[in-house]
Amino acid sequence: MSLPVAQLSCQQCQSRKTKCSRTVPCSACQKAGISCTAVQRHRLPRGRSGKQKPDVAGGQVLKDRISRLEAIVSQLQYGGSSEQALLVGTERDHQSSFTSTPTPVEAFIAPAFWTELSDAVAGLKDVLEHPETSEEADGTSTFDPGTASAANPHAIIFGSDLSILSDNLVPPPKLKVRLLSVYEDRVDAIFKLLHWPSTLSTVRPKSSSRQDTRLPVDARALESAIYFTATCSLFDHELDQRTRFLKHFQKTTEQTLSEAGLLATTSLVVLQAFVIYLAGLRACQANAQQWTLVATAIRIASAQGIPGHPSTAQSSLDEEIRRRLWFCIGVLDLQSAFDRGSQPLLKCGDFQRWPLDMNDADMSL
Numbered sequence: 001m002s003l004p005v006a007q008l009s010c011q012q013c014q015s016r017k018t019k020c021s022r023t024v025p026c027s028a029c030q031k032a033g034i035s036c037t038a039v040q041r042h043r044l045p046r047g048r049s050g051k052q053k054p055d056v057a058g059g060q061v062l063k064d065r066i067s068r069l070e071a072i073v074s075q076l077q078y079g080g081s082s083e084q085a086l087l088v089g090t091e092r093d094h095q096s097s098f099t100s101t102p103t104p105v106e107a108f109i110a111p112a113f114w115t116e117l118s119d120a121v122a123g124l125k126d127v128l129e130h131p132e133t134s135e136e137a138d139g140t141s142t143f144d145p146g147t148a149s150a151a152n153p154h155a156i157i158f159g160s161d162l163s164i165l166s167d168n169l170v171p172p173p174k175l176k177v178r179l180l181s182v183y184e185d186r187v188d189a190i191f192k193l194l195h196w197p198s199t200l201s202t203v204r205p206k207s208s209s210r211q212d213t214r215l216p217v218d219a220r221a222l223e224s225a226i227y228f229t230a231t232c233s234l235f236d237h238e239l240d241q242r243t244r245f246l247k248h249f250q251k252t253t254e255q256t257l258s259e260a261g262l263l264a265t266t267s268l269v270v271l272q273a274f275v276i277y278l279a280g281l282r283a284c285q286a287n288a289q290q291w292t293l294v295a296t297a298i299r300i301a302s303a304q305g306i307p308g309h310p311s312t313a314q315s316s317l318d319e320e321i322r323r324r325l326w327f328c329i330g331v332l333d334l335q336s337a338f339d340r341g342s343q344p345l346l347k348c349g350d351f352q353r354w355p356l357d358m359n360d361a362d363m364s365l
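As C-alpha cells, then:
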C-alpha cells in the first residue's frame, strides 16, 4: 500500500521565506504574480506502526546490500588462484629475460570488480546515511536546494534560486542616472574596463515615450552590474536604504547573467557585466566566492579568444575594448590572490599588449 502524499511549501515560498498555503498554485505566489512550483513527498508514517515499518524495510535493504557485497568478494576469492599463477609466471619471465614484453598493468587489476564493489559500497552508504525526516509543525519542508541547482547550473555559482526576486523594489529613474554618474567618477576612472560613451548610450534610461522598450538581456546584465558596483562604492550616509538597493542590484545582476547563459556565453557584453559584478563583489565582500569566480571569468575570456591575437575583422575600438577587459581580469586576479594569500592564475606572459593610454573621447566609434 502506497503512502499518502504530503503537500509541502512550494519552492518560491521557501526562497522568499513566506507562509505557503500549500495549494497548487498557492495564494502567496498568486498574489505576487509568479509561477508556483509545488513540492511533494510521501507522508511518513506516525505512531508505533510508523516506527516499525521503516525499520523493517530498511533492514531488508541493508541485507540485500550486504549479500551483494559478499557475492562480489566471493567472486574475487574464486579467481584468486588464477591471478596468483599470473603473478608467479610473470615474475619468472622477468627473471629469465629482461627483453620480454612487459605485462600491462591491467593484467594485475580487475577494473570490473572494483567498479562493481564501489557501486555496491556507495549504495550501502546511501542507505545508512539517508536521513529519515518528517514535516515540521511550522511547515518547513525537506526540499533539497540541490534540485534547483541541478536544473539551473548558475544557481551553483550564485548560490540562490535565480528565478525569483525576493522584493518588489523598483529603483527610481533618478537613482539610476545618479548611479551611472557615480560609476563614471568612482569606478570607471580607476577600473577602466568600458568605453564609456558607447556604454552610456546603451544603458542610459530611456525617455518616457520609450519606457516600454526592453533592452536585450546582455545589455540588461551590463546595466545591472554597473548599478551594483556603483552602489558598492557609496557609503550608507550617501544613499538611503543602501543595503536594500545593494541586495536588489546584486540579485538582478545574477538573474540577468543567468538568463544570458554566462557559463557558455560568447557575448563580450555579458563577460564585461560579469567582470564588473566581480569588482563590486570584491568591494563589498572580498571573500572566497569572488576569488573562485575570477577563475570562471578567465575561462570564459579564454573561450572567447580574448587573450589571443586580434582578428583582422575587428576594429581598433573593439580590439582596445577586449584588451581593457583582459587587463581588468588580470587586475582582479592579482587583487584576489593578495586577499587570499595565494598565487595569481595569470602571469606576465599572458599580457602581450597592454591597453593604450588614451581617453575615451579620443577613440572613434
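Residue 1 is where the sequence shown starts when you use full-length UniProt numbering, and the numbers rise one by one after that. Every residue, glycine too, gets a C-beta built ideally from N, C-alpha and C.
Cutoff 6 angstroms; reference A286; Cβ partners in own chain excluding five residues on either side: As a first step, residue 286 is located in the sequence shown; it is residue number 286 there, counting from the start. D339, listed in sequence order.
Next on the checklist: Mapping the DSSP letters down to three states, classify A337 as helix, strand or coil.
Outcome noted: Indexing the sequence shown from 1 puts residue 337 at position 337. Correct three-state label for A337: helix.
message: Checking 8 angstroms against the spacing of the C-beta atoms, do W326 and A303 come in under that value?
response: Position 326 of the sequence shown, counting from 1, holds the residue named residue 326. Position 303 of the sequence shown, counting from 1, holds the residue named residue 303. A303 is positioned such that its CB atom lies no closer than 8 angstroms to that of W326.
query = Going by the CB atoms, is the gap between Y227 and K174 shorter than 8 angstroms?
reply = Against the sequence shown, residue 174 aligns to sequence position 174. Against the sequence shown, residue 227 aligns to sequence position 227. If you check the CB distance, K174 and Y227 do not come in under 8 angstroms.
**OP:** Could you have a look at L8 and say whether DSSP puts it in helix, strand or coil?
**Re:** Along the sequence shown, read from residue 1 onward, the residue named residue 8 stands at position 8. Of the three classes helix, strand and coil, the one that applies to L8 here is strand, per DSSP.
- prompt: How is Q352 classed by DSSP in three states: helix, strand or coil?
  reply: For the purposes of this step, residue 352 is identified with residue 352 of the sequence shown, where counting begins at 1. Shown here, Q352 sits in coil according to DSSP, grouped into three states, outside any helix or strand.
**Asked** With contact counted as at least three CB pairs below 8 angstroms, one residue from each stretch, are the segment 231 to 243 and the segment 258 to 271 in contact?
**Response** With the cut-off at 8 angstroms, the segment 231 to 243 and the segment 258 to 271 do not touch.
Reduced DSSP secondary structure (H/G/I, E/B, other) of V39: Your numbering for residue 39 matches position 39 in the sequence shown. The three-state reading of DSSP puts V39 in strand, counting E and B together.
message: Buried or exposed, going by whether 16 or more other CB atoms sit within 10 Å of the CB of S74?
response: For the purposes of this step, residue 74 is taken as residue 74 along the sequence shown, with counting starting at 1. It is exposed - the Cβ of S74 has fewer than 16 other Cβ atoms within 10 Å.
Quick check: T229 and Y183, are their CB atoms within less than 8 angstroms of each other?
If you number the sequence shown from 1, residue 229 lands on position 229. If you number the sequence shown from 1, residue 183 lands on position 183. Yes.
Discussion item. Does R16 come out as helix, strand or coil in the three-state DSSP assignment?
Written reply: What you label residue 16 is simply residue 16 of the sequence shown in a count that begins at 1. It is helical.
Open item on the list: For T252 and S224, which I take to be in contact (beta-carbon distance under 8 angstroms), what is that distance rounded to the nearest angstrom?
Closed with: In the sequence shown, the residue the question calls residue 252 occupies position 252. In the sequence shown, the residue the question calls residue 224 occupies position 224. Contact between T252 and S224 holds: CB atoms are separated by about 4 angstroms, below the 8 angstroms threshold.
With burial defined as no fewer than 16 other Cβ atoms inside 10 Å of the residue's Cβ, what is the status of I329: buried or exposed? Locating residue 329 in the sequence shown gives position 329, counting from the first residue. I329 is buried by the Cβ-count criterion.
Rounded to the nearest angstrom, what separates G215 and L263 at their Cα positions?
Sequence index remark: in the sequence shown, residue 215 carries index 215 (1-based). Sequence index remark: in the sequence shown, residue 263 carries index 263 (1-based). Per the sequence shown, residue 215 should be read as Leu rather than Gly. Inter-residue distance for L215 and L263 is about 21 angstroms (C-alpha atoms, whole angstroms).
Would you check if the distance between the CB atom of V39 and the CB atom of Q60 is smaller than 8 angstroms?
Here residue 39 is taken as the residue at index 39 of the sequence shown, counted from 1. Here residue 60 is taken as the residue at index 60 of the sequence shown, counted from 1. Against a cut-off of 8 angstroms, the Cβ pair of Q60 and V39 comes out as no contact.
Output yes or no for whether 8 angstroms exceeds the beta carbon distance between P197 and D357.
Looking up residue 197 in the sequence shown gives position 197. Looking up residue 357 in the sequence shown gives position 357. The answer is no: Cβ separation not under 8 angstroms.
Counting along the chain, where does the alpha helix (DSSP H) carrying W255 start and finish? As a first step, residue 255 is located in the sequence shown; it is residue number 255 there, counting from the start. Note that residue 255 is Gln in the sequence shown here, rather than Trp. Annotation: the continuous alpha helix (DSSP H) that includes Q255 extends over R242 to E259.
Measuring CA to CA, which of K347, E254 and W291 is closest to G341?
Mapped onto the sequence shown, residue 341 falls at position 341. Out of K347, E254 and W291, W291 has the C-alpha closest to the C-alpha of G341.
Worksheet item: Are there 16 or more other CB atoms within 10 angstroms of the CB of D333, so buried, or fewer, so exposed?
Response: Along the sequence shown, read from residue 1 onward, the residue named residue 333 stands at position 333. Flag for D333 reads buried.
Let me know the secondary structure DSSP gives F235 once reduced to three states. Mapped onto the sequence shown, residue 235 falls at position 235. DSSP places F235 in coil when its eight states are reduced to three.
Same chain, Cβ closer than 6 angstroms to R22, five either side skipped, listed in chain order:
Position 22 of the sequence shown, counted from the first residue, corresponds to residue 22. So the list reads Q7, once near-sequence residues are dropped.
Problem set entry | Under the three-state DSSP convention, the category T296 falls into | Locating residue 296 in the sequence shown gives position 296, where the first residue counts as 1. Helix.
_Cutting at 7 angstroms between CB atoms, please list the residues of its own chain near A221, excluding the five before and the five after it._
Residue 221 sits at position 221 when you count from the first residue of the sequence shown. Excluding five sequence positions before and after A221, the CB atoms of its chain that fall closer than 7 angstroms to its own CB belong to T253, T256, L257, A260, V270 and A273, given in chain order.
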